[in-house]
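The structure appears right after this line, and notes come after that.
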Amino acid sequence: MFSKSILNWYNENKRDLPWRNKPEAYFVWLSEIMLQQTRVAQGLPYYLRFVEEFPTVHDLAEASQEKVLKLWQGLGYYSRARNLHDTAKVVSVNFGGIFPNNYKDLKKLKGVGDYTASAIASIVYHEPVAVVDGNVYRVLSRFFGVETPINSTEGVKQFKALATKMLAEKSPGLYNQAIMEFGALHCKPKNPQCVTCPVQSNCIAFQQNKAGELPVKLKKQKVRERFFNFLVFQDVKGQMLLQKRVEKDIWQHLYQFPLIESKHNLTLAEIKKTALLDNEKKVLQSIKRWNENPIKHVLSHQKIWAIFWCVEVKKLPENIQNTQQIVNKQELVKFAVPVLMEKFINSKNG
DNA sequence: AACACGGGGGC
DNA sequence: GCCCCAGTGTT
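Under the UniProt record's numbering, the first residue of the first sequence carries the number 1, and numbering increases by one thereafter.
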């Protein structure tokens, strides 16, 4: 039978991961949030740093948002970090540090959707609820030869029902982890290991040699192109201007150098004409384009072309906006910045 | 129902 | 260059 085979496979092949040792709600929750749309290999070092820094949900709740975002820097999908922090405060203050102990109440937490609520409820509290993540979609669509697109409304319903039917009710937490681990390590998107598969004899995709065509997924979204011109101000004392991204957009609440977004990347003449204020022109010493060709930075829905302009001035403006800060060059590392910015900063220092 | 939201890695 | 990753929230 399927569930039993998957559980046996898991026993022999599972990775040794820190949150699996002794399932506790705080650690399982933390790991599940971090692993949303994120590979274990990428999330693991972040998990270890968070646990080290915030051993309990109270420690996380009491930290500043700045610190949480700084530790999250580079992991992407930053709303996860903000929701994580909000939820930590709710659990710490309103619930006395105790997480809800069932699917229905877990799902009410910010950043906890169907998948994460199912994962915590089953792994920590042994509630028989099935997880459906990218791995489960792949394993089940292949095993049963289901061609319904996994990102259609019908597909979401169908696969949740199928996953629920296959759930090993006596050990839902172990089974959920087992089918995900099996999908991640064995029934992989590319080059699945069908030859050594424990359930190959009942797998439709294997029988019909179509594992490569499953799961079916609806189209791909279009990517928007954007053109960023960063102004890297620096005065004679090595002080720089930094501003927080507050608008509802990518990288919300992260820091950046003052940015001019335009329909195309600006030329030096255009920068001088439109980007610099009169009082900035008066104290301007030099302005140099740092990268000859725009840097391409690709996000899931956007392609960004970035140019960094190094602007040396005698002094920084004194009346700055409340989203801006004047910082020393050495202090830059304290701020959470997009990876695009981090790469620029590192190359300047190294 | 469709879209926005990051960054890294495999092939 | 394209696809995928222990998905969620908003419109």
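We put the CB at the ideal spot given by N, CA and C, even for glycine.
Please return the same chain residues whose Cβ sits closer than 8 Å to the Cβ of residue i, not counting the five positions on each side in sequence.
i      : result
Ile320 : Leu241 and Ile326
Val51  : Pro18, Phe27 and Leu30
Leu214 : Arg138, Ser141, Arg142, Gly145, Val146, Glu147 and Ala205
His85  : Leu60, Ala61, Ala63, Gln65 and Val68
Leu48  : Pro18
Asn202 : Phe2 and Phe143
Could you pull the start and end residues of the beta strand (DSSP E) that residue i belongs to?
i      : result
Phe228 : Arg224 to Gln234
Trp305 : Gln302 to Val313
Arg289 : Leu284 to Arg289
Lys244 : Gln239 to Lys244
Gln65  : Taken as a continuous stretch (DSSP letters only), Gln65 belongs to no beta strand (DSSP E), being part of the alpha helix (DSSP H) at Gln65 to Trp72.
Ile260 : Leu259 to Ser262
Using the C-alpha atoms, what's the distance from residue j back to residue i?
i      : j      : result
Ser152 : Val146 : 13 Å
Lys165 : Val298 : 39 Å
Lys107 : Tyr46  : 24 Å
Glu127 : Tyr115 : 13 Å
Lys62  : Lys70  : As written in the sequence, residue 62 is Glu, which differs from the Lys given in the question. Straight-line Cα distance between these residues: approximately 15 Å.
Lys4   : Asn322 : 59 Å
Gly113 : Pro294 : 38 Å
Phe344 : Gln324 : 19 Å
Asp249 : Ala269 : 28 Å
Met341 : Leu44  : 23 Å
Leu167 : Glu66  : 41 Å
Gln302 : Gly76  : 14 Å
Ile120 : Glu24  : 9 Å
Gln256 : Glu280 : 19 Å
Arg82  : Leu254 : 11 Å
Lys329 : Glu312 : 13 Å
Met180 : Ile271 : 51 Å
Val333 : Leu316 : 20 Å
Asp105 : Gly111 : 13 Å
Cys310 : Lys288 : 5 Å
Lys157 : Phe335 : 42 Å
For residue i, I'd like the list of residues in its chain whose CB is within less than 7 Å of its CB, leaving aside the five on either flank, ordered along the chain.
i      : result
Lys314 : Asp235, Val236, Val283 and Gln285
Lys217 : Pro149, Ile150 and Asn151
Ala211 : Arg142, Pro192, Cys194 and Ala205
Phe308 : Phe230, Val232, Trp290, Asn291 and Phe344
Arg224 : His301 and Gln302
Would you list the one or two residues that DSSP bridges to residue i?
i      : result
Glu24  : DSSP lists no partner for Glu24.
Asn328 : Gln239
Tyr77  : Answer by DSSP bridge pairing: none, since Tyr77 is not bridged.
Tyr255 : Lys244
Just to confirm the assignment, what range does the alpha helix (DSSP H) spanning residue i have?
i      : result
His297 : Here His297 belongs to no alpha helix (DSSP H); instead the beta strand (DSSP E) covers Ile295 to Val298.
Asn135 : Gly134 to Phe144
Ile6   : Phe2 to Asn13
Thr274 : Run containing Thr274: none; DSSP gives neither H nor E here.
His58  : Val57 to Glu62
Leu185 : Pro172 to Leu185
Val156 : Thr153 to Met166
Asp114 : Asp114 to Tyr125
Ala41  : Val40 to Glu53
Leu106 : Tyr103 to Leu106
Ile204 : Ile204 to Gln207
By Cβ distance below 6 Å, which residues in the same chain neighbour residue i in space, the five residues on each side in sequence not counted?
i      : result
Trp251 : Arg245 and Pro338
Ile260 : Asn229 and Ala275
His186 : Gln193
Gly74  : Val339
Phe227 : Ser262, His264, Asn265 and Trp305
Ser122 : Val129, Pro172, Gly173 and Asn176
Leu162 : Leu140
Gly183 : Asn135, Arg138 and Val139
Any heavy atom of the ligand SAH within a distance shorter than 7 Å of the CB on residue i?
i      : result
Arg224 : This structure lacks the ligand SAH; in fact it carries no ligand of any kind.
Exercise. Would you call the stretch 3–14 and the stretch 32–39 in contact, with 3 or more CB pairs under 8 Å?
Worked result: Too few Cβ pairs lie closer than 8 Å, so no.
### Message
Within 8 Å, do at least three Cβ pairs link the stretch 55–70 to the stretch 85–103?
### Response
Per the Cβ contact rule, the stretch 85–103 is in contact with the stretch 55–70 (3 or more Cβ pairs under 8 Å).
*asked:* Under 8 Å, with one C-beta from each stretch per pair, do the stretch 172–188 and the stretch 127–137 reach the 3-pair mark?
replied: Contact between the stretch 172–188 and the stretch 127–137 is present, because at least three Cβ pairs lie under 8 Å.
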